[in-house]
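Student:
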Amino acid sequence: MKKECIAMLLAGGQGSRLYVLTENMAKPAVPFGGKFRIIDFPLSNCTNAGIDTVGVLTQYRPLELNSYIGSGQPWDLDRDDGGVHILPPYQSATGASWYKGTANAIYQNIGFVDMYDPDYVVVLSGDHIYKMDYADMVAAHKRAGAACTIAVMEVPWSEASRFGIMSVDGEDNITEFAEKPKEPKSNLASMGIYVFSWSKMREYLINDENDPNSENDFGKNIIPSMLGKGEKMIAYRFAGYWKDVGTLDSLWDANMDMLATGSGLDLFERNWPIYGRSTSAPPAFLGRDSRVEHSVVTRGCVVEGSAENSVLSENSAIEEGASVEYSILMPGAVVKKGAQVSYAIIGEDAVIGENAVIGAKPDGSEGWGITVVGPETDVSAGYKLAANHMLNKTLKEVAR
Amino acid sequence: MNGLHGIIFSYEKESGLRELVEHRMPASIPYGGRYRVIDFMLSNMQNAGVTDVGIILHGNYQSLLDHVGNGKTWDMSRKYGGLRILPPFADNRKYRSGEEFEGKMQALAGVRSYLQEIRQDYVVLADSDLIINIPLSDVYETHLASGADITCVCTPNYKQTENATFFQLGEDNKVVKTLCSPKKPEGYHCLEIYVLSKELLLKLVDECEAEEKVSFRSDVLNGMGDKLDIRGYVWTGLAAQIRTLKEYYDRSMDMLDPKVYREVANAARPIRAKEDDETPTYIAPDSKVTNSLVADGCNIEGTVENSVIFPGVTVARGAAVKNSVIFKNTTVEENASISYVIADKNVTIRRGGKLNGHENYPMAISKNSVI
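Chains as they are written, first to last, in the working numbering: chain A, 17 to 416; chain B, 14 to 384.
Below is the structure:
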């Protein structure tokens with residue numbers, strides 16, 4: 017059945033800069049904020065914006081992500097007409113190929129998009145934490161009669177050279193695009209969120225595929241090529257909270273933003289809920305001698321020790337005499353008696369043995385950084401994992 | 014895979030629950046920070062592989078219908094079978110008077126045609142107001158292995174005794190004596206979970222109806238005890254019947270016992286509740302939360318001690334909540350303090366307010382009250 021607008025969510029990336037956290041799962045499946053996963057944000061934004069058809073393009077380690085999305089019921093995307101669809105690379109009569117790039121991933125699924133015959137396609141990434149009304153962006157795209165609309169936000173000039181930077185005219189028409197420019201001409205950064213008119217996008221995807229020199233990437237190929245041909249492209253300004261959580265530091269930062277009242281990341285706000293698939297554990301239990309301050313807790317957490325400035329996810333536990341500060345315990349992580357965890361990310365179902373010491377407070381030295389323990393890692397009693405180090409489940413320790 | 018069908022009775026009016034049942038039935042009373050009481054029996058059935066369940070209803074069942082919906086939470090929204098709601102007198106003209114059922118046999122007679130259509134060979138009958146995490150598959154297998162006519166779950170650890178049934182068990186756990194509402198309880202407290210064959214159930218329903226007998230425990234267990242092979246299945250874990258406000262309070266506080274918490278949290282037999290889609294709970298600097306259960310979506314800035322807190326509760330700066338049970342979306346404003354209180358949904362305790370119940374007589378506050 018025809019849809020005015022559908023969304024395509026790029027969820028195939030490995031997220032190699034999350035290192036041990038994505039050894040066995042795709043980045044969008046990485047847990048966030050106590051009871052969510054990164055992909056909950058774009059999926060909830062879709063459902064809240066009234067977009068009921070979402071294609072999720074997967075490639076790297078899709079098991080965790082596929083089982084998490086399931087029928088799409090937690091996001092109200094289990095529909096007879098539309099709903100959420102997992103789109104892995106597939107074999108065709110002429111051969112098979114992996115998704116070569118973001119544009120190629122959608123090119124390979126032109127058939128899926130055509131099934132819904134949409135006027136507009138929203139292209140999303142699976143690695144951003146933000147709340148955004150895509151319906152408003154699509155409305156702006158329609159009003160302007162654009163071929164492509166790119167969401168942008170103002171970033172500090174000093175950081176502009178880390179982003180894809182858009183130059184615009186007085187009416188926010190995009191005049192120039194530069195990927196990580198040394199000398200930025202603007203401070204409007206692309207958020208990696210696009211609205212395309214499908215007929216235009218389809219044409220550019222096919223041309224791009226026929227170009228043997230293309231990397232088949234939206235930022236590197238499709239956008240510059242559309243600009244070069246003089247298509248109407250506009251910038252859609254966004255001013256709320258947005259964070260790319262593609263690195264360990266930014267993932268830690270974004271989790272900490274949940275605790276900071278001024279950060280703009282307000283998950284309590286009830287008119288734009290973020291949905292997720294949750295476990296069926298009882299509420300958090302805070303024991304007689306527990307001390308929890310300036311932290312978030314959620315179902316299944318059992319705290320007998322202390323937690324400060326931390327995010328305690330589903331079914332995580334802090335035993336007696338153990339302490340956790342400025343850290344993230346991912347679902348099922350256990351900190352045994354007397355262990356100390358500081359400025360660290362502890363992966364899913366990892367166990368920190370008794371009296372182990374993980375991470376350290378910032379000491380002003382060059383070598384300091386967040387410490388990371390990978391999922392399912394069994395850290396032995398008394399182990400010391402220094403600041404800025406990582407340990408995975410084969411117990412291989414590396415400096416970050 | 015499973016040859017067991019579930020029937021849940023949810024028609025008792027328990028006036029002893031006072032304010033808690035003003036707007037709901039005992040089965041839909043919130044419990045343990047995020048559950049409704051009926052979640053336990055539905056989850057027990059789900060965890061035993063039971064896919065077809067009928068709930069016999071009577072009374073103020075709107076909130077129960079809202080809660081169970083189509084049974085999706087327990088994977089009981091199925092093309093064939095699944096969850097069936099059986100409102101009063103669905104097919105029996107005789108019981109259309111609108112009066113309450115006098116007993117289980119009468120309630121079952123009212124849904125005779127539903128029972129006839131059950132596609133499984135065995136049936137488990139259970140009450141909706143029992144808090145228990147029991148492997149019903151083991152009860153079922155024990156029943157099959159023993160060759161008994163009826164297997165009844167019972168416990169030697171009883172707390173509630175009023176209007177209860179007790180068994181004396183002999184060799185092979187055979188029920189040798191059944192006592193209904195004895196003055197001096199002894200033996201095993203019957204938890205009113207019964208497994209029997211569909212064939213026997215239909216026979217009993219017809220026999221009782223013909224003789225105008227209404228009660229399972231007095232007319233079947235007691236009345237036919239010499240004709241039937243009735244055996245006990247002894248359960249020693251958590252089993253809480255909630256019939257009075259005091260019992261509700263005490264059993265709620267039991268959830269703070271790590272042993273009871275672990276039993277409810279058992280990952281192999283999870284108790285499923287309708288998803289609340291709440292964000293995690295924020296516990297602010299300078300707050301103090303100890304020996305408490307705190308559900309998602311709360312904002313805690315004050316003190317919480319020995320309490321059970323449901324989703325979406327706010328405890329403001331300087332406020333103190335002690336020895337209390339606080340239902341969904343209730344707010345305790347700045348410097349207010351409450352102790353031994355059961356506050357229903359959407360209650361507001363205004364700034365500086367003080368409310369104290371007593372350990373033996375907790376104070377219950379009705380839904381939507383502003384104090």
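Cβ coordinates follow ideal geometry from the N, Cα and C atoms, glycine included. No experiment lies behind these values; they were computed from the predicted model shown.
Between the beta-carbon of V307 (chain B) and the beta-carbon of A300 (chain A), is there less than 7 Å?
Tutor: If you number the second sequence from 1, residue 307 (chain B) lands on position 294. If you number the first sequence from 1, residue 300 (chain A) lands on position 284. Yes. Within cutoff.
Student: What residue does the beta strand (DSSP E) around F254 (chain A) start on, and which one ends it?
Tutor: Within the first sequence, residue 254 (chain A) is the residue found at index 238, counting from 1. Going by DSSP, F254 (chain A) is part of no beta strand (DSSP E) at all; its letter is neither H nor E.
Student: Taking buried to mean at least 16 other C-beta atoms within 10 Å of its own C-beta, is Y93 (chain B) buried or exposed?
Tutor: What you label residue 93 (chain B) is simply residue 80 of the second sequence in a count that begins at 1. Per the 10 Å Cβ criterion, exposed.
Student: Can you give the beta carbon distance from H405 (chain A) to V414 (chain A), rounded, assuming they're within the 8 Å contact cut?
Tutor: In the first sequence, counting from the first residue as 1, residue 405 (chain A) sits at position 389. In the first sequence, counting from the first residue as 1, residue 414 (chain A) sits at position 398. Right, their Cβ atoms sit about 7 Å apart.
Student: Does any residue of chain A bring its CB to less than 7 Å from the CB of V307 (chain B)?
Tutor: Working through the second sequence from its first residue, we reach residue 307 (chain B) at position 294. So, interface residue.
Student: Using the beta-carbon of each residue, which ones in chain B are nearer than 9 Å to K51 (chain A)?
Tutor: Taking the first sequence and counting its residues from 1, the one referred to as residue 51 (chain A) is at position 35. Near K51 (chain A) (Cβ distances below 9 Å), the residues of chain B are E291, T292, P293 and D309.
Student: Do you know offhand how far E219 (chain A)'s Cα is from L25 (chain A)'s?
Tutor: Counting from one through the first sequence, the residue named residue 219 (chain A) turns up at place 203. Counting from one through the first sequence, the residue named residue 25 (chain A) turns up at place 9. Approximately 20 Å between the Cα atoms of the pair.
Student: Tell me K240 (chain B)'s beta-bridge partners as DSSP assigns them.
Tutor: Indexing the second sequence from 1 puts residue 240 (chain B) at position 227. Looking at the DSSP assignment, K240 (chain B) forms no beta bridge with any residue, so it has no partner.
Student: Below 8 Å on the Cβ atoms is my contact criterion, and I expect I362 (chain A) with V318 (chain A) to pass it. Report the Cβ-Cβ distance as a whole number of Å.
Tutor: Sequence index remark: in the first sequence, residue 362 (chain A) carries index 346 (1-based). Sequence index remark: in the first sequence, residue 318 (chain A) carries index 302 (1-based). I362 (chain A) to V318 (chain A), Cβ: 15 Å. No contact.
Student: Quick check on L195 (chain B): buried or exposed, where buried means 16 or more other Cβ atoms within 10 Å of its Cβ?
Tutor: Locating residue 195 (chain B) in the second sequence gives position 182, counting from the first residue. According to the sequence shown, residue 195 (chain B) is Pro rather than Leu. With fewer than 16 Cβ atoms within 10 Å of its Cβ, P195 (chain B) is classed as exposed.
Student: When burial is assigned at 16 or more other CB atoms within 10 Å of the CB, is V338 (chain B) buried or exposed?
Tutor: Locating residue 338 (chain B) in the second sequence gives position 325, counting from the first residue. If you draw a 10 Å sphere on the C-beta of V338 (chain B), you find 16 or more other C-beta atoms in it, and that means buried.
Student: Does chain A have any CB closer than 7 Å to the CB of G331 (chain B)?
Tutor: The residue labelled residue 331 (chain B) in the question sits at position 318 within the second sequence. Residue contact with chain A for G331 (chain B): absent (no Cβ-Cβ distance below 7 Å to any residue of chain A).
Student: Identify, in the order they occur along the chain, each residue of the same chain with its Cβ nearer than 8 Å to the Cβ of K158 (chain A), setting aside the five sequence neighbours on each side.
Tutor: Taking the first residue of the first sequence as position 1, residue 158 (chain A) is located at position 142. Hits under 8 Å: Y136.
Student: For the beta strand (DSSP E) that M54 (chain B) lies in, which residues bound it at each end?
Tutor: As a working note, residue 54 (chain B) is residue 41 in the second sequence. Note, M54 (chain B): premise wrong, no beta strand (DSSP E); alpha helix (DSSP H) at V50 to N60.
Student: By the 10 Å Cβ neighbour count, where 16 or more other Cβ atoms means buried, how is P169 (chain B) classified, buried or exposed?
Tutor: Taking the first residue of the second sequence as 1, we reach residue 169 (chain B) at position 156. Classification for P169 (chain B): exposed.
Student: Enumerate in chain order the residues of its own chain whose CB-to-CB distance from G86 (chain A) is below 8 Å, with the five nearest sequence positions on each side excluded.
Tutor: In the first sequence, residue 86 (chain A) corresponds to position 70, counting from 1. The residues are R293.
Student: Quick check on the burial criterion: 16 or more other C-beta atoms within 10 angstroms. Buried or exposed for Q119 (chain B)?
Tutor: Taking the second sequence and counting its residues from 1, one reaches residue 119 (chain B) at position 106. Buried: at least 16 other Cβ atoms inside 10 Å.
Student: Could you tell me how far apart the beta carbons of S60 (chain A) and Y252 (chain A) are, in whole angstroms, since I believe they sit closer than 8 Å?
Tutor: Residue 60 (chain A) sits at position 44 when you count from the first residue of the first sequence. Residue 252 (chain A) sits at position 236 when you count from the first residue of the first sequence. Their Cβ separation, rounded to whole angstroms, is 19 Å, which puts S60 (chain A) and Y252 (chain A) out of contact at 8 Å.
Student: Give a yes or no on whether the C-beta atoms belonging to R285 (chain B) and T164 (chain B) are separated by under 7 Å.
Tutor: Reading the second sequence from its first residue, position 272 is the one you call residue 285 (chain B). Reading the second sequence from its first residue, position 151 is the one you call residue 164 (chain B). No. Outside cutoff.
Student: If V100 (chain A) sits next to V138 (chain A), beta carbons under 8 Å apart, how far is it from one beta carbon to the other, in whole angstroms?
Tutor: Stepping through the first sequence from its first residue, residue 100 (chain A) is reached at position 84. Stepping through the first sequence from its first residue, residue 138 (chain A) is reached at position 122. At roughly 14 Å, the Cβ-Cβ gap does not stay under 8 Å, so V100 (chain A) and V138 (chain A) are not in contact.
Student: Figure out for me which residue from A:N203, A:L73 and A:M169 has the closest Cα to the Cα of I126 (chain A).
Tutor: Counting from one through the first sequence, the residue named residue 126 (chain A) turns up at place 110. Closest by alpha carbon: A:L73.
Student: Could you spell out the range, first to last residue, of the alpha helix (DSSP H) harbouring L217 (chain B)?
Tutor: As a first step, residue 217 (chain B) is located in the second sequence; it is residue number 204 there, counting from the start. Segment K211 to A223, the alpha helix (DSSP H) holding L217 (chain B).
Student: With DSSP as the reference, please indicate the residues paired to I166 (chain A) in a beta bridge.
Tutor: For the purposes of this step, residue 166 (chain A) is identified with residue 150 of the first sequence, where counting begins at 1. Answer by DSSP bridge pairing, in chain order: A:Y210 and A:A251.
Student: Taking only runs that begin and end inside the region 40–79 of chain A, name each unbroken alpha helix (DSSP H) of 4 or more residues, in chain order.
Tutor: As far as the region 40–79 of chain A is concerned, its whole alpha helix (DSSP H) runs of at least 4 residues are 56–65.
Student: Once the 5 residues before and after S352 (chain B) are set aside, which same chain residues still bring their CB inside 6 Å of it?
Tutor: Within the second sequence, the letter at position 339 stands for residue 352 (chain B). Leaving aside the five residues that flank S352 (chain B) on each side, the residues in its chain whose CB is nearer than 6 Å to its CB run, in chain order, K335, N336 and N369.
Student: Mind checking which residues open and close the beta strand (DSSP E) that includes V312 (chain A)?
Tutor: Numbered from 1 along the first sequence, position 296 holds the residue referred to as residue 312 (chain A). S311 to V313 is the span of the beta strand (DSSP E), which, as asked, contains V312 (chain A).
Student: Rounded C-beta distance between I42 (chain B) and I255 (chain B)? I'm assuming under 8 Å.
Tutor: Locating residue 42 (chain B) in the second sequence gives position 29, counting from the first residue. Locating residue 255 (chain B) in the second sequence gives position 242, counting from the first residue. Contact holds; Cβ gap of about 7 Å.
Student: Leaving out five residues before and five after E372 (chain B) in sequence, what residues of the same chain have Cβ atoms less than 8 Å from its Cβ?
Tutor: Position 359 of the second sequence holds residue 372 (chain B). Only N336 and Y353 meet the Cβ criterion.
Student: Report buried or exposed for K240 (chain B), applying the criterion of at least 16 other Cβ atoms within 10 angstroms of its Cβ.
Tutor: In the second sequence, residue 240 (chain B) corresponds to position 227, counting from 1. By the neighbour-count rule (16 or more Cβ atoms within 10 Å), K240 (chain B) is not buried but exposed.
Student: Restricting to Cα atoms, I'd like to know which of A:S296, A:S311 and A:L302 is closest to D299 (chain B).
Tutor: The count along the second sequence starts at 1 and reaches residue 299 (chain B) at position 286. Nearest Cα to D299 (chain B) within the set A:S296, A:S311 and A:L302: A:S311.
Student: Does any residue of chain A bring its CB to less than 7 Å from the CB of K285 (chain B)?
Tutor: Residue mapping note: residue 285 (chain B) aligns to position 272 of the second sequence, counting from 1. A small correction: the amino acid at residue 285 (chain B) is Arg; Lys does not occupy that position in the sequence shown. So yes, R285 (chain B) belongs to the interface.
Student: Drop a sphere of 10 angstroms on the beta-carbon of R315 (chain A), count the other beta-carbons inside from all chains shown, and report buried for 16 or more, exposed for fewer.
Tutor: By one-based count along the first sequence, residue 315 (chain A) stands at place 299. So R315 (chain A) ends up on the buried side.
Student: Taking 7 Å as the threshold (beta carbon to beta carbon), is G46 (chain B) in contact with chain A?
Tutor: Residue mapping note: residue 46 (chain B) aligns to position 33 of the second sequence, counting from 1. At least one chain A Cβ lies under 7 Å of G46 (chain B).
Student: Using the beta-carbon of each residue, which ones in chain A are nearer than 8 Å to V302 (chain B)?
Tutor: Sequence index remark: in the second sequence, residue 302 (chain B) carries index 289 (1-based). Per Cβ cutoff of 8 Å: L302, S306 and V308.
Student: For chain B, is any of its Cβ atoms less than 7 Å away from the one on P299 (chain A)?
Tutor: The residue labelled residue 299 (chain A) in the question sits at position 283 within the first sequence. Yes, its Cβ sits closer than 7 Å to a Cβ of chain B.
Student: Could you name the residues that DSSP lists as bridge partners for D394 (chain A)?
Tutor: The residue labelled residue 394 (chain A) in the question sits at position 378 within the first sequence. Here D394 (chain A) is bridged, per DSSP, to A:V367.
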